[in-house]
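Peer 1: One structure coming up, written as structure tokens, with questions to follow.
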Ligand code: PMP
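In structure tokens:
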């Protein structure tokens, strides 16, 4: 089986090893996206597919933005690549400065990476290096959460809480986990933050009691867990986690790879939840998904401590060939211009009520056991089929795609996170398509 022409419907799996994909299943029934504009993909048969997921939670300003394309093109002919080790180039400084202007309060020191996974590894390493710089070198333990997703590096896998990601691989010693906050018995069909579960933050106290605060460098959480099915934190949970972490000298890291850049109606989830973490990992919406890039936002306290710490030669022995890549910075600057001029970093806040009510309209349909919404995110959880977990939501995904709407599934949860430019008619299209599919399936 080979690709016979550009846009052919016959993908060859002889060479492209597809990531996070059941390759054999894909081979049997490929879905191929050929182009994209605004809210829509077009598949290789020329069918329009409404993007209900902003690609992979990243195309916040919609697809095919000419301004980003032009900026990338210009930058490629002007300065395609330059190292960032021991030297610089202006656009990386400019992008960092512009990001500093919108950064979460006090977190205006920016370290560039090329992906969410790299941002997570970077944030974890900064946390440990900071503790060492302030004379707390015994603090190397990292705490994550059950059902957390922090990318695919060994650090991220270790603090992450998804079995399939973790099995097979050796993990970091000293990583431990808080319980997740998913609780259908108490919180099903909550609108926004659920009522119950603030006490789960006290798990951090439990780990301090177990391991000793002097061994713990940082705790990392997604403010809203996305990849494991949209888990919105219970009211007061993140605030309580912050105060426990602070009390014990443990750094708080928000992994905002999904929630950063307007997904909740604020530039970052820090503002939405009124929490001030010490480090924030981002990627995806940073460049509207157009060029791979990530960034870690660090507090001045952390940055200052490292700049005046014991390692005089290179304060943080860490970096990537593509850190601050000029072309990615050009894409990021154009993206930021669009976000700011079109008010996109706040738009999800204006749409949130309409979105929430529309999605919650599906609650009485067959198989639906929970609906969760926050900002422009939704998770619709279905009753799993006996002995076939995940097959029901996967069938919804396939049928919705066939009817022209892209969704995302994880287990038996359908996750939605459309571009922030979505209009009412498109919200209606997503909801009515899911309505029809949920009635069709067994
Ligand atoms: N952290 C979170 C919270 C994520 O959602 C993701 C990706 N979905 C990552 C990290 C990893 O990002 P990437 O795939 O760009 O490495």
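In my numbering, the protein residues as written are 717 to 1158.
Don't be surprised by glycine CBs; every beta carbon is placed ideally from N, CA and C.
(1) DSSP beta-bridge partners for residue 1121?
(2) Helix or strand or just coil, what does DSSP make of residue 721?
(3) For residue 1002, which three-state DSSP category applies?
(4) Among the residues of its own chain, which have a CB less than 6 Å from the CB of residue 818, if the five just before and after it don't count?
(5) Compute every distance between the C-beta of residue 674 and the non-hydrogen atoms of ligand 1, then say whether any falls below 6 Å.
(6) Which same chain residues end up closer than 6 Å to residue 985 when comparing Cβ atoms and leaving out the 5 residues on each side of it in sequence?
(7) Out of 1090, 1128, 892, which one is the CA nearest neighbour of residue 907?
(8) When every heavy atom of ligand 1 is checked, does at least one fall within less than 6 Å of the C-beta of residue 832?
(9) Could you give the distance in angstroms between the alpha-carbon of residue 778 and the alpha-carbon of residue 848?
(10) Going by DSSP in three states, residue 1080 sits in which element: helix, strand or coil?
(11) Specify the secondary structure class of residue 1148 as computed by DSSP and reduced to three states.
(12) Counting along the chain, where does the alpha helix (DSSP H) carrying residue 789 start and finish?
(13) Could you tell me whether the Cβ atoms of residue 996 and residue 955 are closer together than 7 Å?
(14) Pick helix, strand or coil for residue 867, following the three-state DSSP scheme.
(15) Any idea what DSSP makes of residue 836, helix, strand or coil?
(16) In the DSSP assignment, the beta strand (DSSP E) including residue 971 goes from what residue to what residue?
(17) CB residue 1109 to CB residue 1092, shorter than 7 Å?
(18) How is residue 1028 classed by DSSP in three states: helix, strand or coil?
(19) Would you check if the distance between the CB atom of residue 1124 and the CB atom of residue 769 is smaller than 7 Å?
(20) Among residues of its own chain, excluding the 5 on either side of residue 729, which ones have a beta-carbon nearer than 6 Å to its beta-carbon?
(21) Examine ligand 1 and report whether any of its heavy atoms sits within less than 6 Å of the Cβ of residue 973.
(22) Start and end of the alpha helix (DSSP H) containing residue 924?
(23) One question on the structure: do residue 893 and residue 1042 come within less than 7 Å of each other, judged by their Cβ atoms?
(24) Among 916, 860, 1078, 1129, which residue has its Cα nearest to the Cα of residue 937?
(25) Pull up the distance between the alpha-carbon of residue 1130 and that of residue 1030, whole angstroms please.
(26) Does the distance between the C-beta of residue 845 and the nearest non-hydrogen atom of ligand 1 fall short of 6 Å?
(27) By alpha-carbon positions, which one of 733, 788, 776, 765 ends up nearest to residue 1046?
(28) Tell me where the alpha helix (DSSP H) around residue 892 begins and ends.
(29) How many angstroms separate the CA atom of residue 829 from the CA atom of residue 1080?
(30) Whole-angstrom Cβ separation of residue 1054 and residue 781, contact assumed at under 8 Å?
(31) Give me the residue from 933, 969, 1005 with the minimum Cα distance to residue 772.
(32) Is the CB-CB distance between residue 844 and residue 1120 below 7 Å?
(33) Helix, strand or coil for residue 779, going by three-state DSSP, please let me know.
(34) Which residues in the same chain have their Cβ closer than 6 Å to the Cβ of residue 762, if we skip the five residues on either side of it in sequence?
(35) Suppose you measure from the CA of residue 1027 to the CA of residue 880; what does that come to, to the nearest Å?
Peer 2: Checking against the coordinates, here is how it stands:
(1) 766
(2) For residue 721, the predicted model reports a pLDDT of 38, less than 50, meaning its position is unreliable and no value from the coordinates is stated.
(3) helix
(4) 983
(5) No information on residue 674 is available, as it lies outside the stretch 717 to 1158 that the chain covers here.
(6) 939, 972, 975
(7) Looking at the Cα atoms, 1090 is the closest of the given residues.
(8) yes
(9) Just so you know, the alpha carbons of residue 778 and residue 848 end up roughly 42 Å apart.
(10) coil
(11) helix
(12) 782 to 794
(13) no
(14) Three-state result, residue 867: coil.
(15) helix
(16) 967 to 971
(17) no
(18) coil
(19) Remark: C-beta atoms of residue 1124 and residue 769 approach each other more closely than 7 Å.
(20) 739, 743
(21) yes
(22) 919 to 927
(23) Remark: C-beta atoms of residue 893 and residue 1042 do not approach each other more closely than 7 Å.
(24) Measuring from the Cα of residue 937, the nearest candidate turns out to be 860.
(25) 45 Å
(26) Ligand 1 has no heavy atom closer than 6 Å to the beta-carbon of residue 845.
(27) 788
(28) Careful: residue 892 lies outside any alpha helix (DSSP H), inside the beta strand (DSSP E) at 891 to 894.
(29) 44 Å
(30) 6 Å
(31) 1005
(32) no
(33) strand
(34) Residues of the same chain with their beta carbon placed closer than 6 Å to that of residue 762 are lacking, with the five preceding and five following residues left out of the count.
(35) Their Cα atoms are separated by approximately 38 Å.
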